[in-house]
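As structure tokens, the structure follows; a few thoughts come after it.
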Amino acid sequence: GGVNAITPAIAVQVNDMISIGAAYNIYFGRYDFEETDELYDFEPVDFSGASFDLGLVVKRNDQFSIGANLNFPYKLKEKIDDLDYEYEIEVPFFFSVGAAFKATDQLTLAFDYHSRTWSNSNIFEDADFDTDLNSIHAGLEYLMTSGDSVIPLRLGFYTHPTHSWDYNDDQVVNSVFTLGAGLVMGNLIFDGAFEFEPASIEYGDGFSIDQNNFRITLGGTFHFGN
Numbered sequence: 187g188g189v190n191a192i193t194p195a196i197a198v199q200v201n202d203m204i205s206i207g208a209a210y211n212i213y214f215g216r217y218d219f220e221e222t223d224e225l226y227d228f229e230p231v232d233f234s235g236a237s238f239d240l241g242l243v244v245k246r247n248d249q250f251s252i253g254a255n256l257n258f259p260y261k262l263k264e265k266i267d268d269l270d271y272e273y274e275i276e277v278p279f280f281f282s283v284g285a286a287f288k289a290t291d292q293l294t295l296a297f298d299y300h301s302r303t304w305s306n307s308n309i310f311e312d313a314d315f316d317t318d319l320n321s322i323h324a325g326l327e328y329l330m331t332s333g334d335s336v337i338p339l340r341l342g343f344y345t346h347p348t349h350s351w352d353y354n355d356d357q358v359v360n361s362v363f364t365l366g367a368g369l370v371m372g373n374l375i376f377d378g379a380f381e382f383e384p385a386s387i388e389y390g391d392g393f394s395i396d397q398n399n400f401r402i403t404l405g406g407t408f409h410f411g412n
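The sequence shown begins at 187 in this note's numbering and counts up one residue at a time.
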């Protein structure tokens with residue numbers, strides 16, 4: 187189990203240059219333990235909360251656009267009924283900003299910065315180490331055509347900061363490499379993506395933990411109407 191969300195959203199194109207959007211996230215869910223020992227019976231944890239997001243895209247011209255996404259602070263409630271336990275996680279203000287440049291009719295370049303300042307949360311208020319998870323994202327998309335179909339090819343990179351530290355007390359920040367492709371046939375769109383994340387944590391004295399993480403995403407979209 188975990189935290190789920192229902193997100194109603196609305197977006198409006200104000201004019202040829204500006205578009206704005208808003209979303210309201212309703213969080214719910216349960217984390218249930220199946221293990222029981224002789225001393226303690228683990229109880230399920232219920233989650234609830236709500237948050238508000240705001241997005242903005244400014245298209246300066248046909249080649250250049252900038253955007254921002256604002257995630258306003260909210261509280262995620264944890265509750266264990268049988269223990270009469272309740273705790274609120276204060277999720278701080280997050281934001282993302284980015285830009286896209288259409289170099290040619292086929293090639294688009296993009297860059298994003300994501301700010302995740304968990305140090306402003308009550309979870310880490312007494313921490314004496316870096317708890318923020320800020321990251322940078324960069325990528326490109328090239329459009330190929332085959333008859334009436336369009337084939338987007340994508341290549342990207344982003345940093346993945348973690349809440350782990352090496353023997354120098356430096357935050358472990360992994361690099362993630364991405365590949366993707368799609369197929370656009372009229373109202374039907376297929377997309378696929380592959381991520382590779384090599385990870386290593388040095389603990390000193392020649393001891394380290396190394397792992398390679400792979401993620402594959404597949405999706406499809408059908409547009410009704412013209």
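The beta carbon of each residue, even a glycine, is placed where N, CA and C say it ideally should be.
Check your understanding: Cβ of A367 within 8 Å of Cβ of I387?
Key -> Locating residue 367 in the sequence shown gives position 181, counting from the first residue. Locating residue 387 in the sequence shown gives position 201, counting from the first residue. It is not a contact, given that the beta carbons lie outside the stated cut-off.
Point to revise | H300, buried or exposed, once every other Cβ within 10 Å from all chains shown has been counted against 16 | key: As a working note, residue 300 is residue 114 in the sequence shown. With 16 or more other Cβ atoms inside 10 Å of its own Cβ, H300 counts as buried.
Review point. Is N211 helix, strand or coil when you go by DSSP?
Key: For this step, residue 211 is matched to residue 25 along the sequence shown. The DSSP-derived three-state label of N211 is strand.
Review point. Terminal residues of the continuous beta strand (DSSP E) containing E274?
Key: The residue given as residue 274 occupies position 88 in the sequence shown. Run containing E274: Y271 to V277, per the beta strand (DSSP E) assignment.
Point to revise | Nearest to N247 (by Cα), restricted to the options A236, L240 and N201 | key: Working through the sequence shown from its first residue, we reach residue 247 at position 61. The residue with the shortest Cα to Cα distance from N247 is N201.
Check your understanding: Helix, strand or coil: how does DSSP classify N257 here?
Key -> For the purposes of this step, residue 257 is taken as residue 71 along the sequence shown, with counting starting at 1. In this structure, N257 counts as strand in the three-state DSSP scheme.
Check your understanding: Does the distance from the C-beta atom of A377 to that of G342 stay below 8 Å?
Key -> The residue labelled residue 377 in the question sits at position 191 within the sequence shown. The residue labelled residue 342 in the question sits at position 156 within the sequence shown. Note on residue identity: the sequence assigns Asp, not Ala, to residue 377. It is not a contact, given that the beta carbons lie outside the stated cut-off.
Check your understanding: Considering N190, what are the terminal residues of the beta strand (DSSP E) in which it resides?
Key -> Your numbering for residue 190 matches position 4 in the sequence shown. First-last of the beta strand (DSSP E) with N190: G188 to I192.
Point to revise | Selection from I212, T407 and T348 that minimises the alpha carbon distance to N373 | key: Within the sequence shown, the letter at position 187 stands for residue 373. The shortest C-alpha separation from N373 is found at T407.
Review point. Relative to the alpha-carbon of S251, which residue among A209, D270, V358 and M203 has its alpha-carbon at the smallest distance?
Key: On the sequence shown, residue 251 is found 65 positions in, with the first residue counted as 1. The option with the nearest alpha carbon to S251 is M203.
Check your understanding: So, is the C-beta of F400 closer than 8 Å to a C-beta in chain C?
Key -> Although the question refers to chain C, the structure presented lacks it and comprises just one protein chain.
Review point. Near V362, which residues of its chain fall below 8 Å by C-beta distance, leaving aside the five closest residues on each side in sequence?
Key: Residue mapping note: residue 362 aligns to position 176 of the sequence shown, counting from 1. Only F343, Y344, T345, H346, E381, F382 and E383 meet the Cβ criterion.
Practice item. List in chain order: all unbroken beta strand (DSSP E) runs of 3+ residues lying wholly within the segment 312-339. Key: Qualifying beta strand (DSSP E) stretches, in chain order: 321-332.
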